[in-house]
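Asker:
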Amino acid sequence: MQDATPTPTPASTAAGSEDKENKKTDFRINIALDTRLDGQVTAYSGTPEKSTELGFAGKFITLVVDGSITENLTYGYRQRLFTKDLNPTSFFNATDWLYLKYRFHKNFTFTAGKDVIAIGGFEYDMNPIDVYFYSMYCNNVTCYQLGLSLTYMDNKGNHSLKAQVTNSPFSTGAYDGKFAYNLLWSGNMGWFKTLYSVNMVERERGHFLNYIALGNRFTWNPVTIDLDYTNRYAVGENQRGFFSDFSLTCMVTCTISKKFNIFLKGGYDRNLGQAADTEDPYDPMVVPGSKYFIYGAGVEFFPIKDKKDLRVHAFWYSDNSKPVPNTFNIGVRWRIKVFQSDKS
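Quick look at the structure:
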């Protein structure tokens with residue numbers, strides 16, 4: 005057995021060893037595959053014309069890579085692998101993010117590349133693999149674009165402010181000169197967290213669809229309530245009032261134990277800002293005339309103790325479409341950690 009008493013080391017040798025260790029461990033890479041498979045039945049009420057839909061489907065398979073190049077230079081990459089056509093354009097469209105992030109000051113970071121558009125709201129912020137049914141707005145919004153961002157974070161890490169410029173999600177081609185200007189505040193006040201943003205998104209050059217997105221999370225153990233409100237307004241488009249186009253969602257999650265969650269979720273999307281027959285609406289995500297309700301409930305089970313890498317889920321949801329659908333789903337999601345750098 006070796007003597008537990010440490011051997012004195014010259015300061016120069018210790019410093020040299022530390023430098024080598026830092027150089028050795030600055031570069032990190034973590035690789036994972038994230039997958040979800042579902043079995044689903046959708047039955048329609050009150051109509052014999054529309055038959056029941058049922059079967060099994062692969063919902064997601066994504067490659068996730070992240071790590072660091074130096075202490076202050078990190079990177080992230082997430083690629084959806086289910087795209088059918090692997091030409092360069094569609095392959096990059098299936099890239100959720102691919103960015104470099106440089107921390108040039110203890111409170112400031114600069115990010116360049118493809119990233120999530122900085123829009124507030126907790127439904128929008130969730131990993132799509134963890135969302136079982138969406139509001140109309142979040143189901144149709146484009147989330148990922150190329151751009152630049154500057155982020156300030158306070159010394160305690162509780163509050164951050166991100167200023168971002170990206171290509172517009174309404175861009176129809178490369179270099180078409182349409183942009184989105186985004187400002188996002190992420191706040192953590194213990195039991196109350198925020199994801200608030202203001203956004204100016206260019207529909208056509210010089211014509212903007214503006215968002216005020218207010219994401220609120222209230223946590224009283226074991227209950228978490230997410231309440232999101234997103235208002236959309238297009239200046240100069242003859243919109244019928246500031247509050248005529250909005251989305252409101254609420255999700256209540258109760259942690260029964262370390263292995264079980266149950267949840268209730270509901271959402272309402274409305275756009276009365278333009279006539280329902282408008283040919284070129286300013287808001288194509290929630291089209292004019294929409295009054296859309298969605299509601300449902302579900303349960304999550306994590307069979308591996310103290311880990312979230314394997315999840316079994318079951319849920320039901322419906323909406324106010326005609327005919328009324330009732331969707332029942334049972335599925336599994338698992339995350340395979342292909343490789344992880346030593347984090348010791």
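Numbering (our numbering), first residue to last: 5 to 348.
All C-beta atoms, glycine included, are put in the ideal place defined by N, C-alpha and C.
Nothing here was measured: the structure is a model prediction, and the numbers come from that model.
#1: Start and end of the alpha helix (DSSP H) containing C142?
#2: Grab me the residues of R107's own chain with a C-beta within less than 7 Å of its C-beta, minus the 5 sequence neighbours each way, in chain order.
#3: Determine the extent of the beta strand (DSSP E) in which D232 is found, giving its start and end residues.
#4: Given this structure, state the Cα-to-Cα distance separating Y286 from E206, to the nearest angstrom.
#5: By the DSSP assignment, the alpha helix (DSSP H) with Y128 in it spans what residues?
#6: Taking DSSP as the reference, what is the three-state secondary structure of N220?
#7: Is it right to say T155 is buried, meaning 16 or more other beta carbons lie within 10 angstroms of its own, or is it exposed?
#8: If we ignore side chains and look at the alpha-carbon of each, how far apart do R244 and A36 end up?
#9: Keeping to the same chain, check which residues put their C-beta closer than 8 Å to that of H351; ignore five residues upstream and five downstream.
#10: Can you tell me which of the three DSSP states D273 falls into?
#11: Using a 10 Å radius around the Cβ and a threshold of 16 neighbouring Cβ atoms, would you call F250 buried or exposed?
#12: Using C-beta distances below 8 Å, list every residue in its chain close to L407, excluding the 5 sequence neighbours before and after it, in chain order.
#13: Applying the criterion that 16 or more other CB atoms from any shown protein chain within 10 Å of the CB defines a buried residue, is V290 buried or exposed?
#14: Between the C-alpha atoms of T190 and L165, what's the straight-line distance to the nearest angstrom?
#15: With contact counted as at least three CB pairs below 8 Å, one residue from each stretch, are the segment 306-315 and the segment 271-280 in contact?
#16: Based on Cα-Cα distance, which residue from Y200, A47, Y179, D230 lies nearest to L388?
#17: Between V239 and F246, what straight-line distance do the alpha-carbon atoms span, to the nearest angstrom?
#18: With 16 other CB atoms within 10 Å as the buried threshold, where does W101 fall?
#19: Note down, in chain order, each residue of its chain lying with its Cβ closer than 6 Å to the Cβ of D70, except the 5 sequence neighbours on either side.
#20: How far does the beta strand (DSSP E) with F150 in it reach, from first residue to last?
#21: For F126, count neighbouring C-beta atoms within 10 Å of its own C-beta (all shown protein chains included) and say buried if the count is 16 or more, exposed if not.
#22: Check the DSSP bridge columns for I334 and list the partner residues they point to.
#23: Name the residue from L150, S139, G117, T257 whose alpha carbon lies nearest to the alpha carbon of Y296.
#24: Restricting to runs no shorter than 3 residues, where is the beta strand (DSSP E) found entirely within the segment 280-309?
#25: Hey, out of Y148, M204, M157, D323, whose CA is closest to N111's CA?
#26: Given this structure, state the Cα-to-Cα distance separating A61 from N220, to the nearest angstrom.
#27: Identify which residue in I133, G124, L152 has its Cα closest to the Cα of Y141.
#28: Between the C-alpha atoms of G117 and L104, what's the straight-line distance to the nearest angstrom?
#29: With DSSP as the reference, label N111 as helix, strand or coil.
#30: May I have the straight-line CA-CA distance separating A19 from F31, to the nearest angstrom?
#31: Taking F183 as the reference, give the member of T170, G177, T176 with the closest Cα.
#32: Which value, in whole angstroms, describes the spacing of the CA atoms of D42 and G59?
#33: Taking Cβ to Cβ, would you say S248 is nearer than 7 Å to L276?
#34: With a threshold of 6 Å, establish whether the CB of S49 neighbours any heavy atom of the ligand ATP.
#35: Which residues in the same chain have their Cβ closer than 7 Å to the Cβ of A195, if we skip the five residues on either side of it in sequence?
#36: Going by alpha carbons, who is nearest to D293 out of L213, A280, Y299?
Answerer: Looking at the coordinates:
#1: Its alpha helix (DSSP H) spans residues 140-144.
#2: Result list for R107: N76, T113, in chain order.
#3: Where D232 is concerned, the enclosing beta strand (DSSP E) starts and stops at 227-237.
#4: If you take the alpha carbons of Y286 and E206, they lie about 10 Å apart.
#5: It spans 126-129 - the alpha helix (DSSP H) in which Y128 sits, taken as one unbroken run.
#6: Reduced to three states, the DSSP call for N220 is strand.
#7: With 16 or more other Cβ atoms within 10 Å, it is buried.
#8: Going from the Cα of R244 to the Cα of A36 covers about 47 Å.
#9: For the chain, the structure presents residues 5 to 348; residue 351 sits outside this window and is missing.
#10: DSSP places D273 in the strand class (E or B) of the three-state scheme.
#11: Residue environment: F250 is assigned as buried (16 or more neighbouring CB atoms within 10 Å of its CB, all protein chains considered).
#12: The structure shown does not extend to residue 407, since the chain is modelled only from 5 through 348, so no value can be given for it.
#13: So V290 ends up on the buried side.
#14: Looking at the sequence provided, one finds Ser at residue 190 rather than Thr. Taking the straight line from one Cα to the other gives about 7 Å.
#15: Segments in contact, no.
#16: This structure cannot speak to residue 388, because the chain is shown only from 5 to 348.
#17: Cα-Cα distance, rounded: 10 Å.
#18: Residue burial annotation: W101 is buried, with at least 16 other C-beta atoms found within 10 angstroms of its C-beta.
#19: The answer, listed in chain order, is N34, G80.
#20: Residue 150 is actually Leu in this sequence, not Phe. DSSP places L150 inside the beta strand (DSSP E), whose first and last residues are 148-157.
#21: So F126 counts as buried.
#22: Within the DSSP secondary-structure output, I334 pairs in a beta bridge with G43, A318.
#23: The closest CA to that of Y296, considering only L150, S139, G117, T257, is found on S139.
#24: Runs of the beta strand (DSSP E) inside the segment 280-309: 295-305.
#25: Among Y148, M204, M157, D323, the Cα nearest to that of N111 belongs to M157.
#26: Cα to Cα, the separation comes out at about 33 Å.
#27: Put simply, of I133, G124, L152 the residue whose alpha carbon is nearest the alpha carbon of Y141 is G124.
#28: Roughly 7 Å separates the two Cα atoms.
#29: Here N111 sits in coil by DSSP.
#30: Annotation note: pLDDT 44 at A19 (below 50); position unreliable, coordinate value reported separately. Their backbone Cα atoms lie some 19 Å apart in a straight line.
#31: Measuring C-alpha to C-alpha distances from F183 to each of T170, G177, T176 identifies T170 as the nearest.
#32: Cα-Cα distance, rounded: 9 Å.
#33: The answer is yes: Cβ separation under 7 Å.
#34: Within the structure as shown, the ligand ATP is missing, as the structure has no ligands at all.
#35: Inspection of the sequence shows that residue 195 is occupied by Trp rather than by Ala. Closer than 7 Å at the Cβ level, and outside the excluded window around W195, lie F222, T223, W224.
#36: According to the sequence as given, residue 293 is Gly; it is not Asp. Closest by alpha carbon: A280.
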